[in-house]
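Visitor:
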Amino acid sequence: MKIFQCTTLFTPAPELTRTCIVVEGGRIKDLVSPAEADRIPDAERIDLGGRLVGPGLVDIHCHGAMGSDFADGTIEDVSKAATHHLRQGTTTLLAGVGSCTLQEMKQACATTRALMKILRNLQGVHLEGPYFSLQWFGCHLREMIRNPDRAEWSLLEADADVIRLMTLAPELPGALELIRHFSRLGTVFSIGHSDASYEEIERAADAGLTHSTHFFNAMPDAHRVNRVLLPGVQESVLLMDRLSTEIIGDGIHVGARLVELVHRFKGPGQTALVSDALRGVGCPPGDYAFGPRNGKLCRLIDQPRVGIVPDDPTKLASSAIVLSDALQILGGQTRIPLSDLWQMASLTPARIVHLDRRKGSIAAGKDADLLVLTPDRTVADVFIGGERVAR
123 MKIFQCTTLF TPAPELTRTC IVVEGGRIKD LVSPAEADRI PDAERIDLGG RLVGPGLVDI
183 HCHGAMGSDF ADGTIEDVSK AATHHLRQGT TTLLAGVGSC TLQEMKQACA TTRALMKILR
243 NLQGVHLEGP YFSLQWFGCH LREMIRNPDR AEWSLLEADA DVIRLMTLAP ELPGALELIR
303 HFSRLGTVFS IGHSDASYEE IERAADAGLT HSTHFFNAMP DAHRVNRVLL PGVQESVLLM
363 DRLSTEIIGD GIHVGARLVE LVHRFKGPGQ TALVSDALRG VGCPPGDYAF GPRNGKLCRL
423 IDQPRVGIVP DDPTKLASSA IVLSDALQIL GGQTRIPLSD LWQMASLTPA RIVHLDRRKG
483 SIAAGKDADL LVLTPDRTVA DVFIGGERVA R
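For any residue, its number in my numbering is found by taking its place in the sequence shown, counting from 1, and adding 122.
If you want it as structure tokens, here you go:
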């Protein structure tokens with residue numbers, strides 16, 4: 123048994139002071155006062171001092187790090203990327219796989235499945251693509267963009283156990299059938315890289331769509347049709363209570379005031395923070411492929427540190443952060459309370475992909491995944507299942 127002594131604890135909400143976390147068998151057994159903790163015999167005591175303690179972070183949109191992308195599909199690449207994010211506080215991670223071939227998708231799923239038994243933060247796959255609008259495919263390879271084809275996606279059924287999230291454009295022919303079918307198998311569907319109308323999004327929500335990918339990015343805003351101003355994907359998502367959303371938390375893809383706007387409209391319970399991390403995270407500036415190694419080259423730049431598309435420098439291409447960076451960046455740029463930001467980076471994404479029974483908050487019965495920050499919100503310590511992660 124272990125007892126973690128905390129001065130400031132974000133559960134993530136409410137914020138507690140002078141609270142002890144009792145951990146047994148890798149799970150949280152109870153939250154008790156220091157006096158109650160003193161009465162527990164034969165426990166290892168870990169004093170976290172005056173640092174900020176909260177649940178380990180949950181990143182449902184992350185592509186890689188340290189020169190490796192989850193779409194590379196090798197044991198070495200997936201392990202390297204997942205381990206880097208774990209050391210920086212992401213104790214739950216979906217392996218993001220950009221638009222690629224069916225064979226590459228299946229290889230990424232197979233590798234992730236094998237590593238989930240070893241890498242405790244790896245909890246499944248997020249297929250971002252390839253079923254996108256040709257107007258909004260962003261930094262994905264144009265030649266990989268296609269419509270949903272039952273002959274193709276039926277071959278992914280065997281991987282439904284690890285495909286926890288799929289981003290697609292729901293207006294495409296065949297998309298609703300795909301949403302209905304895989305929703306029954308447990309996959310969460312998200313709108314992204316889409317040109318759908320409000321009505322098309324409503325029909326997709328009726329079919330099982332529940333989430334929206336990297337809000338404000340690769341999605342149109344209001345536009346006129348026959349002189350009438352109609353909602354784009356952005357306004358439609360804000361209007362639909364049954365759709366959650368996510369924001370890339372680097373302060374560049376979405377500026378501070380717009381982060382506050384989404385927080386005000388959707389609330390911390392419907393807004394997740396994500397990294398959307400490029401394989402260049404943890405690497406020097408330079409060119410890095412998005413998706414598999416034969417994917418579109420993206421350029422990691424400094425000032426500001428972000429990924430761009432080299433042939434169109436106004437177009438962004440993934441971020442250069444880990445999710446814990448978002449707590450520091452948005453904590454400094456926005457007026458959103460840290461308790462809300464922590465929720466948006468832990469419990470909310472866990473709920474979105476149905477992992478909240480075990481992940482995302484400090485509560486009895488949940489995995490003892492903890493992130494410890496210094497007062498200036500840099501990572502001081504990470505625990506997964508109550509065990510300290512080597513950093």
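Positions of the beta carbon are idealized from the N, C-alpha and C atoms, including for glycine. Just so you know, these numbers come straight off a predicted model, no measurement behind them.
Taking 6 Å as the limit between beta carbons, can you name the residues of its chain near residue 307, skipping five residues before and five after?
Guide: Taken in chain order, the residues that qualify are 282.
Visitor: Please report the distance separating the alpha-carbon of residue 294 from that of residue 167.
Guide: In a straight line, the C-alpha of residue 294 is about 56 Å away from that of residue 167.
Visitor: Hey, out of 382, 511, 400, whose CA is closest to residue 455's CA?
Guide: Comparing Cα positions, the closest option is 382.
Visitor: For residue 305, list the residues DSSP reports as bridge partners.
Guide: Paired residue(s): none; residue 305 is not in a bridge.
Visitor: Confirm, please, whether the CB-CB distance from residue 285 to residue 222 is below 8 Å.
Guide: Not in contact: residue 222 and residue 285 (Cβ atoms no closer than 8 Å).
Visitor: Can you give me the C-alpha to C-alpha distance between residue 390 and residue 399, rounded to a whole angstrom?
Guide: About 21 Å.
Visitor: By alpha-carbon positions, which one of 342, 374, 220 ends up nearest to residue 426?
Guide: Checking every option, the nearest Cα to that of residue 426 belongs to 374.
Visitor: Which ranges does the alpha helix (DSSP H) cover as unbroken runs of at least 4 residues, wholly within the segment 256 to 281, from first to last along the chain?
Guide: Entirely contained in the segment 256 to 281, the alpha helix (DSSP H) runs reaching 4 residues are, in chain order, 272 to 275.
Visitor: Below 8 Å on the Cβ atoms is my contact criterion, and I expect residue 216 with residue 246 to pass it. Report the Cβ-Cβ distance as a whole number of Å.
Guide: Sure, about 5 Å apart at Cβ, within 8 Å.
Visitor: Could you check what DSSP says for residue 97 in three-state terms: helix, strand or coil?
Guide: In the structure as shown, the chain starts at 123 and stops at 513, and residue 97 therefore has no counterpart that could be examined.
Visitor: Let me check one thing: in DSSP terms, what residues is residue 334 bridge-paired to?
Guide: Answer is 313.
Visitor: Looking at C-alpha atoms only, which residue of 224, 189, 497, 164 is the closest neighbour of residue 402?
Guide: Among 224, 189, 497, 164, the Cα nearest to that of residue 402 belongs to 189.
Visitor: Taking a contact to mean a Cβ-Cβ separation below 8 Å, would you say residue 486 touches residue 152 in this structure?
Guide: Yes, the Cβ-Cβ distance between residue 486 and residue 152 is below 8 Å.
Visitor: Please look up how many angstroms separate the CB atoms of residue 289 and residue 260, rounded, as I've assumed it's under 8 Å.
Guide: At roughly 11 Å, the Cβ-Cβ gap does not stay under 8 Å, so residue 289 and residue 260 are not in contact.
Visitor: So residue 148 and residue 507 are supposed to be a Cβ contact under 8 Å. How far apart are they, rounded?
Guide: Right, the Cβ-Cβ distance comes to about 4 Å (below 8 Å), so this counts as a contact.
Visitor: For the segment 123 to 131 and the segment 461 to 472, state whether three or more C-beta atom pairs, one from each stretch, are separated by less than 8 Å.
Guide: The answer is no - the segment 461 to 472 does not touch the segment 123 to 131, with fewer than three Cβ pairs under 8 Å.
Visitor: Whose C-beta lies closer than 7 Å to the C-beta of residue 322 among residues of the same chain, with five residues either side of it excluded?
Guide: So the list reads 292, 293, once near-sequence residues are dropped.
Visitor: How close, in whole Å, do the beta carbons of residue 342 and residue 320 come, if the pair is a contact with beta carbons under 8 Å?
Guide: About 12 Å separates the two Cβ atoms, so there is no contact after all.
Visitor: Between the C-alpha atoms of residue 339 and residue 140, what's the straight-line distance to the nearest angstrom?
Guide: Distance between the alpha carbons of residue 339 and residue 140 is about 41 Å.
Visitor: Touching or not, the segment 343 to 351 and the segment 418 to 433, by the rule of three or more beta carbon pairs under 8 Å?
Guide: These segments do not touch.
Visitor: Taking Cβ positions, are residue 271 and residue 296 nearer each other than 8 Å?
Guide: Going by C-beta atoms, residue 271 is nearer than 8 Å to residue 296.
Visitor: Taking C-alpha atoms, which residue in 193, 197, 345, 360 lies nearest to residue 225?
Guide: The shortest Cα separation from residue 225 among 193, 197, 345, 360 belongs to 193.
Visitor: Taking buried to mean at least 16 other C-beta atoms within 10 Å of its own C-beta, is residue 416 buried or exposed?
Guide: Exposed, because fewer than 16 other Cβ atoms sit within 10 Å of the Cβ of residue 416.
Visitor: By alpha-carbon positions, which one of 234, 238, 269 ends up nearest to residue 251?
Guide: Cα-wise, what sits closest to residue 251 is 269.
Visitor: Apart from the five residues on each side of it in sequence, which residues of its chain come closer than 6 Å, Cβ to Cβ, to residue 137?
Guide: Closer than 6 Å at Cβ, skipping near neighbours: 461.
Visitor: Could you pull the DSSP bridge partners for residue 146 from this structure?
Guide: BP columns for residue 146 point to 149.
Visitor: Please identify the residue among 145, 504, 366 whose C-alpha is closest to the C-alpha of residue 474.
Guide: If we check each option's Cα against that of residue 474, 366 comes out closest.
Visitor: For residue 362 and residue 388, I'd like the C-alpha separation in whole angstroms.
Guide: Approximately 9 Å, taken between the alpha carbons.
Visitor: Under DSSP, the alpha helix (DSSP H) around residue 324 begins and ends at which residues?
Guide: Where residue 324 is concerned, the enclosing alpha helix (DSSP H) stretches over 320 to 329.
Visitor: Which two residues bound the contiguous alpha helix (DSSP H) that contains residue 447?
Guide: Here the alpha helix (DSSP H) through residue 447 covers 445 to 455.
Visitor: Can you name the start and end residues of the beta strand (DSSP E) that residue 505 belongs to?
Guide: Segment 501 to 506, the beta strand (DSSP E) holding residue 505.
Visitor: My parser needs the alpha helix (DSSP H) runs of 4 or more residues fully inside the segment 329 to 398; what are they?
Guide: Runs found: 355 to 361, 378 to 388.
Visitor: Start and end of the alpha helix (DSSP H) containing residue 197?
Guide: Note, residue 197: alpha helix (DSSP H), 197 to 209.
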